[in-house]
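K.L.:
Each residue of the first sequence is one higher than the one before, starting from 1024 at the first, in my numbering.
Note that beta-carbon positions come from the ideal geometry of N, C-alpha and C, so glycine has one too.
Treat the numbers as computed from the prediction; the structure is a model and nothing was measured.
Attaching a single structure in C-alpha cells format; questions to follow.
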Amino acid sequence: MAENNTNSNPEIKKANFIHAHIDADLAEGKNDCRVHTRFPPEPNGYLHIGHAKSICLNFGLAQKYGGKTNLRFDDTNPSKEETEYVESIMNDVHWLGFDWGDRLYYASDSFPKLHAFAIKLIKEGKAYVDDQDAETISEQKGTPQKSGIESPFRNRSVQENLDLFQRMTVGEFDEGSKVLRAKIDMTSPNMHMRDPIIYRIMKAHHHRTGDKWCVYPMYDFAHGQCDYWEGITHSICTLEFEVHRPLYDWFIDQLKDSDYRPRQIEFSRLNLTYTVMSKRKLLELVKDGHVNGWDDPRMPTVSGLRRRGYTPESIRNFSDKIGVTKVDGMTDVSLLEFSVREHLNKTAQRVMGVLDPLKVIITNYPEDQEEILSAVNNPEDESMGRRDVPFSNEVYIERNDFMEEPPRKFFRLGPGREVRLRYGYLIKCNEVIKDENGNITELHCTYDPESKGGKSSDGRKVKGVVHWVSAKHAVKSEVRLYDRLFSDETPDSHKDVDFKEFMNPDSLRIIENCYIEPFIKDSKALDHFQFERLGYFNMDPDSTSEKPVFNRTVALRDSWAKAQKK
RNA sequence: UGACCCGUGGUGUAAUUGGCAACACGUCUGGUUUUGGUCCAGAAGAGUCCAGGUUCGAGCCCUGGCGGGUCAACCA
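Here is the structure:
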C-alpha cells in the first residue's frame, strides 16, 4: 500500500517540522518512545482533499516511526452529526489506502469518563455551573484586547455545583439555561483560558448515544482527554487550534497521573486555488443542488475525486509533494492535477475516442472491406500489450482536427493535406462536403495502401497524426467533461463571501454522442483510460446508462487555465 | 490597540551543529516520437519582507520595524 509507493520515490519522504518535533521527543525518551497519532474527523460532512492531507500525514507519520494511528469520530455535537457521514468517512480513509485496524473510537464512547472528569474538577473547585445566558457570558469574556470579568456564579460551593450539574445531566433544566465552566483565569490574554464552557445542555438525539445524555462536552473538553485515554502521543491538528493549546495542556495537567502526556502540534491546512474547502460551503453546494451530491465529480471531496477518476496513489503523492508547514499559503490546483496525470500516464491504457465526430469517407478503400490494425495499449509499458482496432472505409475523426483554412502552425487535416490515421494509413483530403448552410458534413479522402504501420511508400513524412474510430464498428457512448466549479482563482473558503458568484456555469459538459473503439465493451476491468489527445478518463462507477459513460479525470495538459486567459 | 503564529523564484517546499540558496509544479527553447501527449536536453526566474547588529561568514542567531494569519459559538 502506501509505504511501497512512498519508499520508491526518493523525492517524497522529506522531513518536515513535525518529524523534527517527534525526533526530539524520541531523543528525550518521552512516552516510552512511542509514536501514536489519530485522525479525528467530526462526522458532519464528507471528507475532502484537505482531510486527505491530514490522513496521509497522520498515518504516514505512524508508518514512518513504526507507530499506530487511530480513527476517532469527534462526535460531541449531536445536532450536526449523522451516521451517513461516519460510513462515508470510513470508506474514504480505506480507499485512500490506510487502515486503523481495531482502533476505531468515538468521542461519544468517552462521555461517561468525561462526565466523571467534570465532576472531579467540580470537587477540586476547578469548575462551576453558570446560570447566565450566552450573551451575558460572552460580554463578560471581554475581547482579545480587553480582559474579562468574573461571573457572579463563579464562587458557588462545591456542593451546590455538584447538585446543579447533576440536575443538568438528568435534564432538569432547559437548553441554554446553565453551563458548566472551567475555573481558570478571566484576565488571561488568551480568550480560551477565560473560564471556557466545558458542558452545555442539549436535548438532542445523538447518532450513537441516542437520548441518553442531556449534556454534551465541548470540543476543548473532549479532544485532549480522548487523546490521553487512547494513548495518543502526537495530536496533530490545523493552525486555528494553536490558541487552544494552552487549554489542551491545562486539561491534560488536571488529568495526567504518570509521565505520559499527549502533545498538540499544528500545521497549516490545505488551500487550493479554484477550490472551496469548507464543509459548511460544500454542504451548501449539495443542499442547494449546485452539484449532484457530495460525490459529484466536481467536488473536492475524496469521494468526488474518486468518481472523477483520481487514484488513491495520486492523492497520496500530492500530499507528499505539498509538504507540511505552518505557512498559510495557497497551493495551485495544477499541482494536484499533475499528480494524477503523472500516475495515469504510467498506468492508463490508451484508447481512441472521438468526442465531436466528423465523418471521413475513404473513397479508394473498398466499401465492403475491413481489416484489423494493431495498436499499442501503453507506449510506456510494453507488458500491457496490444489490441486490435477495426478499420473500414468510413471513419470518424475529431471535427477540430480539420480546418478548411489552416493557420500557419496547424499540422492536421485540411483541403489537399495529408495526415496519418494513428496506427493506420496516411489519408489525403480531396473534397469537403457541406450541407445547404455551409456546414461541413463529411470529408472525402484517399488513402495510401503502402503507408500502413508507420511507413510510407516513398519515405515522405507527415507531421499530423490524428485519432479516429471506424464508423461501422465504433461504440456510441457518453462523455462528461468536468471543469473547475469556480472560475475565480480563490473563492475564499473560510470567509463570508458569496462564493456562488464565482461558480463556473460550464463546469459540466455532457457530450452524448461520442464514438469509441469497440473493444471497450469487453474491458470492464479497466477503469482508467487515456483517450488519445483528449485526456484521462474513467468509466463512471455510478452510471446506470445503457451506453458507456466516461468522466474526464483531467486534461492532458492544463488547458483550462490557458483558455481562460485568452 | 492585546496574545500567539507565519514571512525563501509565479506556486508548493528544501537548505547538517551559521558555509556557494536546492527540488518539484508552472513558463520558455531545442531534440526524439505513429498523439501538439510522453520522454530527453537546456534556459529564464528568488539573493531569502525591511533596517540594523553579532560573525571570517547569516535564509538560519540578536534587536527593532513592516506585512499576513488566528483568537471575542453553549461549533469543531
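Run through the region 1143-1224 for me and flag every whole beta strand (DSSP E) of 3 or more residues, listed as ranges in chain order.
P.N.:
DSSP runs (the beta strand (DSSP E)) wholly in the region 1143-1224: 1150-1153, 1202-1205, 1220-1224.
K.L.:
If you scan the region 1485-1542 from start to end, which runs of the beta strand (DSSP E) of 3 or more residues do you find wholly inside it?
P.N.:
Correct list: 1491-1493, 1498-1505, 1531-1539.
K.L.:
Taking residue 1459 and residue 1384 to be in contact with their CB atoms under 8 Å, please state how far apart those CB atoms are, rounded to whole angstroms.
P.N.:
No, residue 1459 and residue 1384 are not in contact; Cβ-Cβ is about 19 Å, not under 8 Å.
K.L.:
Taking all protein chains shown into account, decide if residue 1574 is buried (16 or more other Cβ within 10 angstroms of its Cβ) or exposed.
P.N.:
It is buried - the Cβ of residue 1574 has at least 16 other Cβ atoms within 10 Å.
K.L.:
Kindly indicate the opening and closing residues of the beta strand (DSSP E) around residue 1478.
P.N.:
Counting along the chain, residue 1478 falls outside any beta strand (DSSP E), and DSSP gives it neither H nor E.
K.L.:
So, do the region 1335-1355 and the region 1548-1566 have three or more beta carbon pairs nearer to each other than 8 Å?
P.N.:
In short, these stretches do not touch, since the Cβ pair count stays below three.
K.L.:
So, is residue 1203 buried or exposed, given that buried needs 16 or more other C-beta atoms within 10 angstroms?
P.N.:
Burial call: buried.
K.L.:
Taking only the alpha-carbon atoms, compute the straight-line gap between residue 1548 and residue 1397 and give it to the nearest angstrom.
P.N.:
Because the pLDDT at residue 1548 is just 48, under 50, the model does not fix this residue reliably, and the point stays unresolved.
K.L.:
Enumerated in chain order, which unbroken segments of the beta strand (DSSP E) with a length of 3 residues or greater are wholly contained in the region 1241-1269?
P.N.:
Whole beta strand (DSSP E) segments, 3+ residues: 1257-1261.
K.L.:
If you follow the alpha helix (DSSP H) that residue 1335 is in, where does it begin and where does it stop?
P.N.:
1335-1345 is the extent of the alpha helix (DSSP H) around residue 1335.
K.L.:
Would the region 1107-1125 count as touching the region 1061-1071 if we require 3 or more Cβ pairs under 8 Å?
P.N.:
They touch, by the three-pair rule.
K.L.:
May I have the straight-line CA-CA distance separating residue 1416 from residue 1461, to the nearest angstrom?
P.N.:
One C-alpha to the other measures close to 24 Å.
K.L.:
If you compare alpha carbons, which of 1195, 1365, 1524 is closest to residue 1559?
P.N.:
For the residues 1195, 1365, 1524, the minimum Cα distance to residue 1559 belongs to 1365.
K.L.:
Taking contact to mean 3 or more Cβ pairs, one atom from each stretch, closer than 8 Å, check whether the region 1283-1292 and the region 1311-1322 are in contact.
P.N.:
Cβ pair count under 8 Å is below three, so no.
K.L.:
Is the region 1499-1514 touching the region 1522-1536 in the sense that three or more CB pairs, one from each, lie closer than 8 Å?
P.N.:
Verdict: yes, contact present.
K.L.:
Using 10 angstroms around the beta-carbon of residue 1219, count the other beta-carbons present and answer buried if the total reaches 16, otherwise exposed.
P.N.:
With 16 or more Cβ atoms within 10 Å of its Cβ, residue 1219 is classed as buried.
K.L.:
Determine the contact status of residue 1419 and residue 1377, defining contact as a CB-CB distance below 9 Å.
P.N.:
Yes, the Cβ-Cβ distance between residue 1419 and residue 1377 is below 9 Å.
K.L.:
What is the residue span of the beta strand (DSSP E) that residue 1093 lies within?
P.N.:
1091-1096 is the extent of the beta strand (DSSP E) around residue 1093.
K.L.:
Please confirm whether residue 1571 and residue 1498 have their CB atoms less than 9 Å apart.
P.N.:
In this structure, residue 1498 lies closer than 9 Å to residue 1571 by Cβ.
K.L.:
On the CB-based measure, 16 or more other CB atoms within 10 Å of its CB, does residue 1041 come out buried or exposed?
P.N.:
Flag for residue 1041 reads buried.
K.L.:
Do you know offhand how far residue 1303's Cα is from residue 1292's?
P.N.:
Taking the straight line joining both Cα atoms gives about 16 Å.
K.L.:
Quick one: is residue 1197 buried, meaning 16 or more other Cβ sit within 10 Å of its Cβ, or exposed?
P.N.:
Counting Cβ neighbours within 10 Å, residue 1197 comes out exposed, since fewer than 16 surround it.
K.L.:
Report the CB separation of residue 1092 from residue 1061 in whole angstroms; it is logged as a contact under 8 Å.
P.N.:
Between residue 1061 and residue 1092 the Cβ distance is about 6 Å, and since that is below 8 Å, they are a contact.
K.L.:
What's the gap between the Cα of residue 1141 and the Cα of residue 1236?
P.N.:
In a straight line, the C-alpha of residue 1141 is about 14 Å away from that of residue 1236.
K.L.:
On the DSSP letters alone, give me the boundaries of the alpha helix (DSSP H) that residue 1427 sits inside.
P.N.:
Unbroken run through residue 1427: none, as it is neither H nor E.
K.L.:
Name the two residues that bound the continuous alpha helix (DSSP H) containing residue 1088.
P.N.:
Here the alpha helix (DSSP H) through residue 1088 covers 1072-1088.
K.L.:
If you reduce the DSSP assignment to three classes, tell me which class residue 1548 lands in.
P.N.:
Note that residue 1548 has pLDDT 48, beneath the 50 cutoff, so the model's placement of it is unreliable and the number below is only indicative. In this structure, residue 1548 counts as coil in the three-state DSSP scheme.
K.L.:
Helix, strand or coil: how does DSSP classify residue 1059 here?
P.N.:
In this structure, residue 1059 counts as strand in the three-state DSSP scheme.
K.L.:
Buried or exposed for residue 1159, please, with buried defined as at least 16 other CB atoms from any protein chain shown within 10 angstroms of its CB.
P.N.:
Exposed, since its Cβ has fewer than 16 Cβ neighbours within 10 Å.
K.L.:
Just curious, the alpha helix (DSSP H) that residue 1354 is in, first and last residue?
P.N.:
Neither: residue 1354 is in no alpha helix (DSSP H) and is coded neither H nor E.
K.L.:
In the structure shown, what three-state DSSP assignment does residue 1379 receive?
P.N.:
Three-state result, residue 1379: coil.
K.L.:
Please return the same chain residues whose Cβ sits closer than 6 Å to the Cβ of residue 1088, not counting the five positions on each side in sequence.
P.N.:
So the qualifying residues of the chain are 1058.
K.L.:
For residue 1318, count neighbouring Cβ atoms within 10 angstroms of its own Cβ and tell me buried if that reaches 16, exposed if not.
P.N.:
Residue 1318 should be labelled buried.
K.L.:
Would residue 1369 and residue 1403 qualify as a contact pair, given that the criterion is a beta-carbon distance under 9 Å?
P.N.:
Against a cut-off of 9 Å, the Cβ pair of residue 1403 and residue 1369 comes out as a contact.
K.L.:
Please look up how many angstroms separate the CB atoms of residue 1412 and residue 1071, rounded, as I've assumed it's under 8 Å.
P.N.:
40 Å between Cβ atoms; not a contact.
K.L.:
Would you call residue 1474 buried or exposed, if buried means 16 or more other Cβ atoms sit within 10 Å of its Cβ?
P.N.:
Residue 1474 comes out buried.
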